[in-house]
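Participant: One structure is given below, represented as structure tokens, and several questions about it will come after.
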Amino acid sequence: MAARFQVGACIANACKDLGYSGDVGYQTFLYSNVTDLRRVFIFLIEKLPRESDRAAEPEPDDPLSRLKADIGRSVRASLNSRLTLKDIVSSPFISLPLETGIIVPRDKLHLPRQEWTDYCINSLKFLPDQVPPEYLLPSTIALNARGCVARSIRKGGSKASTPEDLPLPATPPTPAPRTTKRQTTWLGQQEKILFERDIVVPQSLNKEKLVIPEINASEEGVDKEEKQRQELEALKSHIEELQTAIRNDTSELAQVRKDYESVEAELKGRVKEYEALCKALELLPNYEDNLKKVEGLITLSDKRFESLNAQWDSYKKPLTAKYEELKSKARTNDNDENSETVSALRSKLDVATKQILAKQQQMQQLQKEFDQLPKNIIRSSYTRRIMEIIGNIKKQKDEIDKILRDTKQLQRNTNGLFGTLDRLFTVVDETIFRNAKKDEHSKKAYKHLATLHTDCADIVRMVMETGAIEREIRDLQEQVENESSKKVGDNLERISADMRLLKEENVTLTRQLKL
1 MAARFQVGAC
11 IANACKDLGY
21 SGDVGYQTFL
31 YSNVTDLRRV
41 FIFLIEKLPR
51 ESDRAAEPEP
61 DDPLSRLKAD
71 IGRSVRASLN
81 SRLTLKDIVS
91 SPFISLPLET
101 GIIVPRDKLH
111 LPRQEWTDYC
121 INSLKFLPDQ
131 VPPEYLLPST
141 IALNARGCVA
151 RSIRKGGSKA
161 STPEDLPLPA
171 TPPTPAPRTT
181 KRQTTWLGQQ
191 EKILFERDIV
201 VPQSLNKEKL
211 VIPEINASEE
221 GVDKEEKQRQ
231 ELEALKSHIE
241 ELQTAIRNDT
251 SELAQVRKDY
261 ESVEAELKGR
271 VKEYEALCKA
281 LELLPNYEDN
291 LKKVEGLITL
301 SDKRFESLNA
311 QWDSYKKPLT
321 AKYEELKSKA
331 RTNDNDENSE
341 TVSALRSKLD
351 VATKQILAKQ
361 QQMQQLQKEF
371 DQLPKNIIRS
381 SYTRRIMEII
391 GNIKKQKDEI
401 DKILRDTKQL
411 QRNTNGLFGT
421 LDRLFTVVDE
431 TIFRNAKKDE
441 HSKKAYKHLA
451 TLHTDCADIV
461 RMVMETGAIE
471 REIRDLQEQV
481 ENESSKKVGD
491 NLERISADMR
501 LLKEENVTLT
511 RQLKL
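The numbering of the sequence shown is the UniProt record's numbering, which starts it at 1 and goes up by one.
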């Protein structure tokens, strides 16, 4: 019982910690009331965690939307991640040339425009693939700075704004300092200092360099390109032949390895047979002496076997006796356990039999009561009664709506009368006040008017206070009815019974402590 009180008090404290404003205590759960429990459960259900407002959205099919979603997830992950010492350590600001493929008007190209377009579509890599990740941000900043400088120079109309002085788009990015007239700018000085330090660029960039010679519009350039294309085709065919030969050689090598393994296994078996035959041949010249030696070894083995048997018998007898003793004890324990189990089952069977008899008697009593009930009840009577109840509810609802409408109309009329009365009093007050300056009777009338207005205001206030008091009386009566419906007497009886149980438990615990 004490545990029940403790659990009820813990639950009540937890509800108060969550912010429950109603009256809650251990009695709310031990001596429960439907209304109070419903309020507590509604409060707890409202406190349950709801689904996240930002539910998991399905993966979009649009590549742009998917890219935006990936960027958002990456940014959220980076913001939630903790900053480590490795992230704080700064890296050198090293910028490498980037090629965007964008042609600015008046730029001078190394290639014809169509070939440059084909190169940008088919061969030009994206910016993140042109440089290592640690050089991407500095290179992008430098590229943006060069574009800003070029735009400012064009707007300024300086000599460097000619097509020859602007940065020339290159097919592969080559990390070499520029030699244009803009070398005197801050960006040019930075690149000069950077490349004078002999910075080591990763080999991956050097491998990706493509040397595209300047192609003139003459026939020699076209012949050279055709020759290079033919050489490239020849190299491709030669590479394919070599790859085919490599595949054939690989399959042959695998087959040879399998044959070698099988031959090696067979050879090991033959070697073992050969060693056995060699040992037998070595024993043949002196077979009589060797036979005697073998017989002696056999005799020694027999004697050793007999001695081991004798030792085993000496160990076996006490172990066998101990085993038999333990086996008999286990059998006795099993019998005792079985007898206890049987007695427990018999007691349970007796209890179950008594319960069955009680249930049968209860069933017979219920059957008698059921037989005494009238049998001529028709379903239509229940339906008619339900319809009557529904009709009464509708009538009550209509009456309530009518009362509400009448109340609202009465309120509007009352407000209108109050307004009319105020306006009338104002007009009468002004009229009598003007006449009171000249007539003595008007002065008395003005005083009586003021007294009448004050008395009427007091009467209205008292009527409103009376209505408020009547409403409070009705609310208190409803609360009294609710409290009376909570069966306080039954709860007090249950509390008294629980107190008696607690006292008995305390007495029992005290006796146990004394023992």
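We put the CB at the ideal spot given by N, CA and C, even for glycine.
To the nearest angstrom, how far is the alpha carbon of I473 from that of N413?
Facilitator: Roughly 26 Å between the two C-alpha positions.
Participant: Compare the C-alpha of F29 against each of F41, S21, Y274 and A150 and name the closest.
Facilitator: It is F41.
Participant: Less than 9 Å separating the beta-carbons of I432 and L449?
Facilitator: Their beta carbons are under 9 Å apart, which means I432 touches L449 by this criterion.
Participant: For V75 and W116, I'd like the C-alpha separation in whole angstroms.
Facilitator: Cα to Cα, the separation comes out at about 36 Å.
Participant: Helix, strand or coil for T184, going by three-state DSSP, please let me know.
Facilitator: Only weak support is given to the placement of T184: the predicted model assigns it a pLDDT of 42, under 50, and the value that follows is read from those uncertain coordinates. Here T184 sits in helix by DSSP.
Participant: How should S139 be labelled, buried or exposed, when 16 other C-beta atoms within 10 angstroms of its C-beta is the threshold for buried?
Facilitator: Buried, by the Cβ-count rule.
Participant: Work out the CA separation of T420 and K447 for me, nearest whole Å.
Facilitator: Using only the alpha carbons, I get a separation of about 21 Å.
Participant: Starting from the Cα of G19, find the closest Cα among K47, Q27 and S152 and give me that residue.
Facilitator: Nearest option by C-alpha distance: K47.
Participant: Does A160 come out as helix, strand or coil in the three-state DSSP assignment?
Facilitator: Reliability of the predicted coordinates at A160 is poor, the pLDDT of 40 falling under 50, and the value obtained from them is presented with this limitation in mind. A160: helix per DSSP, three-state reduction.
Participant: Nearest chain B C-beta to S381 closer than 9 Å, yes or no?
Facilitator: The displayed structure is made up of one protein chain only, and chain B is not part of it.
Participant: Around the Cβ of P97, are there at least 16 other Cβ atoms within 10 angstroms (buried) or fewer (exposed)?
Facilitator: Under this definition P97 is a buried residue.
Participant: Going by the beta-carbon positions, is the gap between F425 and H453 smaller than 9 Å?
Facilitator: For F425 and H453, yes; Cβs fall inside 9 Å.
Participant: Can you tell me whether DSSP reads residue 516 as helix, strand or coil?
Facilitator: In the structure as shown, the chain starts at 1 and stops at 515, and residue 516 therefore has no counterpart that could be examined.
Participant: Less than 8 Å between the CB of Y287 and some heavy atom of the ligand PLP, yes or no?
Facilitator: This structure does not include the ligand PLP; it has no bound ligands of any sort.
Participant: Rounded to the nearest angstrom, what separates Y135 and L143 at their Cα positions?
Facilitator: Distance between the alpha carbons of Y135 and L143 is about 12 Å.
Participant: Where does Y315 land, buried or exposed, given buried means 16+ other C-beta within 10 angstroms?
Facilitator: Exposed is the call here.
Participant: Evaluate A12 with the Cβ neighbour count: other Cβ atoms within 10 Å of its Cβ, from every protein chain shown; 16 or more gives buried, anything less gives exposed.
Facilitator: The residue in question, A12, is buried, as its Cβ has 16 or more Cβ neighbours within 10 Å.
Participant: Please identify the residue among G416, R154, A445 and E440 whose C-alpha is closest to the C-alpha of D429.
Facilitator: Among G416, R154, A445 and E440, the Cα nearest to that of D429 belongs to A445.
Participant: Write down the C-beta distance between residue 571 and K16 rounded to the nearest angstrom, noting that I regard them as a contact closer than 8 Å.
Facilitator: Here the chain comprises residues numbered 1 to 515, so residue 571 is not present and cannot be evaluated.
Participant: For E196, does the three-state DSSP call read helix, strand or coil?
Facilitator: Because E196 carries a pLDDT of 44, less than 50, the predicted location of this residue cannot be relied on, and no value is offered for it.
Participant: Using a 10 Å radius around the Cβ and a threshold of 16 neighbouring Cβ atoms, would you call V131 buried or exposed?
Facilitator: With 16 or more Cβ atoms within 10 Å of its Cβ, V131 is classed as buried.
Participant: Is K316 helix, strand or coil when you go by DSSP?
Facilitator: Looking at K316 - three-state DSSP - the assignment turns out to be helix.
Participant: With DSSP collapsed to three states, give me the class of L284.
Facilitator: Residue state, collapsed to three classes: coil.
Participant: Go ahead and pull the three-state DSSP assignment for T100.
Facilitator: In this structure, T100 counts as coil in the three-state DSSP scheme.
Participant: P128 by DSSP, collapsed to three states: which one?
Facilitator: Correct three-state label for P128: helix.
Participant: For G147 and L124, which I take to be in contact (beta-carbon distance under 8 Å), what is that distance rounded to the nearest angstrom?
Facilitator: Not confirmed; about 17 Å, so no contact.
Participant: Taking Cβ positions, are F5 and Y26 nearer each other than 9 Å?
Facilitator: Cβ atoms of F5 and Y26: closer than 9 Å.
Participant: Would you tell me roughly how many angstroms separate the C-alpha atoms of K317 and A310, rounded to the nearest one?
Facilitator: Rounded to the nearest angstrom, the two C-alpha atoms are 11 Å apart.
Participant: What three-state label does DSSP hand P63 in the structure shown?
Facilitator: It is helical.
Participant: How about R38 and G22: do their beta carbons lie closer than 9 Å?
Facilitator: No, the pair does not count as a contact, with Cβ atoms beyond the cut-off.
Participant: Tell me the DSSP secondary structure of K359 in three-state form.
Facilitator: Reduced to three states, the DSSP call for K359 is helix.
Participant: Could you give the residue range of the alpha helix (DSSP H) that holds G467?
Facilitator: Counting along the chain, the alpha helix (DSSP H) containing G467 begins and ends at E440 to S485.
Participant: With respect to the alpha helix (DSSP H) encompassing L410, which residues constitute its N-terminal and C-terminal limits?
Facilitator: Run containing L410: R379 to A436, per the alpha helix (DSSP H) assignment.
Participant: Write down the C-beta distance between A2 and E505 rounded to the nearest angstrom, noting that I regard them as a contact closer than 8 Å.
Facilitator: Rounded, the Cβ-Cβ distance is 6 Å, consistent with contact.
Participant: Output the distance between the C-alpha atoms of Q512 and Q479, rounded to the nearest integer angstrom.
Facilitator: Those two C-alpha atoms are separated by around 48 Å.
Participant: Between S95 and I153, which are expected to be in contact by the criterion C-beta below 8 Å, what is the C-beta distance as a whole number of angstroms?
Facilitator: Incorrect: roughly 19 Å between the Cβ atoms, too far for contact.
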